[in-house]
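Down below is the structure, laid out as structure tokens.
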Amino acid sequence: MGLAAISMTVSAAPNEASGEYHATRKPITVTIDAFQFQPDKIRIKRGQSVIFINKDEVPHTVTPDKNAHFVPSGIIKGGEQHEVLFDSAGVQNYSCDFHPSMRGRVIVK
Ligand SMILES: [Cu+2]
């Protein structure tokens, strides 16, 4: 996915429960480099998204733990990136399907 596509996916979708718009919250970037999520702990606001950029040459995933609430990234090929929307508050832990020791946490307020 290119940068142009990314900016288009940051849509101005209203949160229907609150009627509040989250479009002004810019995505945060997490880099996947040398089999690590960097940073592996971030804090964001509900409705904010995270762009995971895979700088490795091998594919990775951002897969929620059983009790986490966000849509799995699917495979992010080497050199590619994927945006994940976090619209549930709480501690969202995730790992990579291929490398279970690769773990990260998004704290959604
Ligand atoms: Cu991996």
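In my numbering, the protein residues as written are 548 to 656.
Just so it is clear, CB atoms sit at the ideal spot from N, CA and C, and this is done for glycine as well.
- Under the DSSP definition of a beta bridge, Pro611 partners with Tyr641.
- Contact fails between the region 584-591 and the region 611-620, because fewer than three Cβ pairs, one in each stretch, are under 8 angstroms apart.
- Counted as a single uninterrupted DSSP element, the stretch harbouring Gly621 is not any beta strand (DSSP E), since DSSP gives it neither H nor E.
- About 7 angstroms separates the CB atoms of Phe633 and Ser596; that is less than 8 angstroms, so the two are in contact.
- Sorted by chain position, residues whose beta-carbon lies closer than 6 angstroms to a non-hydrogen atom of ligand 1 are His607, Cys643, Phe645, His646, Met649.
- In the three-state reduction of the DSSP assignment, Phe617 falls in the coil class.
- Here Arg593 carries a coil assignment [DSSP, helix/strand/coil].
- Rounded to whole angstroms, Val655 and Val605 show a C-alpha spacing of 28 angstroms.
- By the neighbour-count definition (other C-beta atoms within 10 Å, threshold 16), Gly651 is a buried residue.
- Secondary structure note for Arg572: it is in no beta strand (DSSP E), with a DSSP letter that is neither H nor E.
- Around the beta-carbon of Gly594, 16 or more other beta-carbon atoms lie within 10 Å, marking it buried.
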